[in-house]
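Position one of the sequence shown corresponds to residue 199 (our numbering), numbered consecutively onward.
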Amino acid sequence: AMGKNQHVVIEDDRWVVKEEGAATPIATFKTQGQAWEKAKAIARRERSEAVLHGRDGRIRERNTYGHDPRNVKG
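This is the structure we're talking about:
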């Protein structure tokens, strides 16, 4: 089963990593880049998706780690 998706969003001029549906951030960073690296690392471990939101809240990038080709039947 896939884990929870990780979202990078801006809050009070800080970039935070939030698990989908969670109110409290997992981690807070000064830069978007640092937050994005953290989100990707967690998503990789959780086999889920990392979603990067810009300052306007729009999705800028997403990386999916849940679909490992080695597990595909066929």
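Glycine included, every Cβ here is placed at the ideal spot set by N, Cα and C.
| query | result |
| --- | --- |
| Quick check on DSSP: helix, strand or coil for GLU218? | coil |
| What do you reckon, are the CB atoms on ASN261 and ALA241 nearer than 8 Å? | yes |
| Within this structure, are the beta carbons of ALA221 and VAL214 separated by less than 8 Å? | no |
| Hey, would you say GLU218 sits closer than 8 Å to LYS202, going by beta carbons? | yes |
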